[in-house]
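Participant: I'd like to ask you about the structure that follows.
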Amino acid sequence: MKMIAFLVLSFFIMHDAKADSSQRIISIGGANTEILYALGLADKIVGTDTTSTYPAEARTTQKVGYMRALSAEGVLSLKPNLIILTNEAGPPTVLNQLKQVGIEILELTAARSIEDIRNNIIAIAHKLNVESKAQEVLTSIDSDMSLLKAALSKQQRMPKIMFILQHGGGAPMVAGHGTAAHSILTLSGAENVAAVYQGYKPLTPEAAIKMQPDFILVTDLGVQQSGGLEAFANIPGLNLTQAAQNKRIIVMDQQFLLGFGPRTAEAALKLHQYYTDIQS
645 MKMIAFLVLS FFIMHDAKAD SSQRIISIGG ANTEILYALG LADKIVGTDT
695 TSTYPAEART TQKVGYMRAL SAEGVLSLKP NLIILTNEAG PPTVLNQLKQ
745 VGIEILELTA ARSIEDIRNN IIAIAHKLNV ESKAQEVLTS IDSDMSLLKA
795 ALSKQQRMPK IMFILQHGGG APMVAGHGTA AHSILTLSGA ENVAAVYQGY
845 KPLTPEAAIK MQPDFILVTD LGVQQSGGLE AFANIPGLNL TQAAQNKRII
895 VMDQQFLLGF GPRTAEAALK LHQYYTDIQS
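Residue numbering for the sequence shown follows the working numbering, beginning at 645 and increasing consecutively.
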């Protein structure tokens, strides 16, 4: 508590002395950080959370912890005058502390659609007076969406795909409705075989056999934490699917695939191309 009190005092001293100083932004959430970089605001960022891994420069920024487990001390020590986050950030007690100190917080809705992404880009651009740059980013997204729609118009069948969330040696989880994985699968023109579930659920051997996806989708981090692609394909339950047995496994960068930021339309197009190429 003494440390928090000291940092609060330091914040007010700094705020009074430099009321007209340049923006000092802490970005919470990989998508928000991507948006800031896309808008040309890298020099305004003083800190990010651990999900902010793109672009590469974001990895070298001061880190304030995981987006759902922030600490007031870590945030206040960087003396921000604006924090950009989504409704997924927390814990609530820390967010309340930051609000009480008087730091301005721009809270956005965690995106699950292209429209959500567009709205978040516009909100951040408006807040930081870079609307003209935002139009360039939106135009790029529209271009990717046009390419995706053209590809989908030629699709003859909707493949059944299972997204697996794998952390360390724990049991694999399948992504159901309401997840970023479900949204990207749908956007790419695929059927989520686990859509009957809400959120993430443990994969049982019985469910794996029943679902029998055409493909398995996993992030690069999931494969890495499983010990490699061979080890991933042999996870109990998962190894009962023909997709795993035939190595019909699509591996994509985690932030690119699930980030729901400026690159999401491109990611959906890449996913579509991957499973289309394998099918042909």
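All C-beta atoms in this analysis are idealised placements derived from N, C-alpha and C, irrespective of residue type, glycine included. The structure displayed is predicted, hence computed values, not measured ones.
1. Helix, strand or coil for residue 669, going by three-state DSSP, please let me know.
2. Give every residue of the same chain whose Cβ lies closer than 6 Å to the Cβ of residue 650, excluding the five residues on either side of it in the sequence, and list them in chain order.
3. Nearest to residue 832 by CA position, among 749, 845, 841 and 790, is which residue?
4. Please determine if the segment 837-845 and the segment 773-791 are in contact, where contact requires at least 3 C-beta pairs separated by less than 8 Å.
5. In three-state terms, what does DSSP make of residue 808?
6. Near residue 665, which residues of its chain fall below 7 Å by C-beta distance, leaving aside the five closest residues on each side in sequence?
7. Helix, strand or coil: which one does DSSP assign to residue 719?
8. Please state the DSSP three-state secondary structure of residue 841.
9. I'd like the span of the beta strand (DSSP E) that includes residue 862, first residue to last.
10. Helix, strand or coil: how does DSSP classify residue 836 here?
11. Report the rounded CA-to-CA distance for residue 780 versus residue 769, giving the unit in angstroms.
12. Measuring only the C-alpha atoms, how far is residue 814 from residue 707?
13. Could you pull out every unbroken beta strand (DSSP E) segment of at least 3 residues lying fully inside the segment 683-716, listed in chain order?
14. Please list the terminal residues of the continuous beta strand (DSSP E) segment that includes residue 759.
15. If you follow the alpha helix (DSSP H) that residue 795 is part of, which residue opens it and which one closes it?
16. For residue 883, I'd like the list of residues in its chain whose CB is within less than 8 Å of its CB, leaving aside the five on either flank, ordered along the chain.
17. Can you grab the Cα-Cα spacing for the pair residue 861 / residue 836, in whole Å?
18. Who pairs with residue 730 in a beta bridge, going by DSSP?
19. Let's see if you can read the secondary structure: which residues bound the beta strand (DSSP E) around residue 851?
Facilitator: Looking at the coordinates:
1. To locate residue 669, count along the sequence shown from 1; it is residue 25. Note: residue 669 maps to strand in three-state DSSP.
2. Mapped onto the sequence shown, residue 650 falls at position 6. Because the pLDDT at residue 650 is just 43, under 50, the model does not fix this residue reliably, and the value given afterwards should be weighed accordingly. Excluding five sequence positions before and after residue 650, none of the CB atoms of its chain fall closer than 6 Å to its own CB.
3. The count along the sequence shown starts at 1 and reaches residue 832 at position 188. Cα-wise, what sits closest to residue 832 is 790.
4. Cβ pair count under 8 Å is below three, so no.
5. Position 164 of the sequence shown, counted from the first residue, corresponds to residue 808. In the three-state reduction of the DSSP assignment, residue 808 falls in the strand class.
6. Position 21 of the sequence shown, counting from 1, holds the residue named residue 665. For residue 665, the predicted structure reports a pLDDT of 46, less than 50, and the residue's modelled location is therefore unreliable. The matter cannot be settled from this model.
7. Here residue 719 is taken as the residue at index 75 of the sequence shown, counted from 1. Taken through DSSP and simplified to helix, strand or coil, residue 719 comes out as helix.
8. The count along the sequence shown starts at 1 and reaches residue 841 at position 197. In this structure, residue 841 counts as coil in the three-state DSSP scheme.
9. Along the sequence shown, one-based indexing puts residue 862 at 218. In the DSSP assignment, residue 862 falls within the beta strand (DSSP E) that extends over 859-863.
10. Translated into the one-based positions of the sequence shown, residue 836 becomes position 192. Residue 836 falls in the strand class under three-state DSSP.
11. Counted from its first residue, the sequence shown places residue 780 at position 136. Counted from its first residue, the sequence shown places residue 769 at position 125. Take the alpha-carbon of residue 780 and the one of residue 769: they are about 11 Å apart.
12. Your numbering for residue 814 matches position 170 in the sequence shown. Your numbering for residue 707 matches position 63 in the sequence shown. Residue 814 and residue 707 have their C-alpha atoms some 26 Å from each other.
13. Listed in chain order, they are 689-692.
14. Here residue 759 refers to the residue found at position 115 when the sequence shown is read from its first residue. For residue 759, there is no enclosing beta strand (DSSP E); the residue is found in the alpha helix (DSSP H) stretching over 758-771.
15. For the purposes of this step, residue 795 is taken as the residue at position 151 of the sequence shown. It spans 775-796 - the alpha helix (DSSP H) in which residue 795 sits, taken as one unbroken run.
16. Residue numbering aside, residue 883 sits at position 239 when the sequence shown is read from its first letter. Closer than 8 Å at the Cβ level, and outside the excluded window around residue 883, lie 877 and 889.
17. In the sequence shown, counting from the first residue as 1, residue 861 sits at position 217. In the sequence shown, counting from the first residue as 1, residue 836 sits at position 192. Cα to Cα, the separation comes out at about 10 Å.
18. Against the sequence shown, residue 730 aligns to sequence position 86. As computed with DSSP, residue 730 is found in a beta bridge with 752.
19. The residue you call residue 851 lines up with position 207 of the sequence shown. Taken as a continuous stretch (DSSP letters only), residue 851 belongs to no beta strand (DSSP E), being part of the alpha helix (DSSP H) at 849-855.
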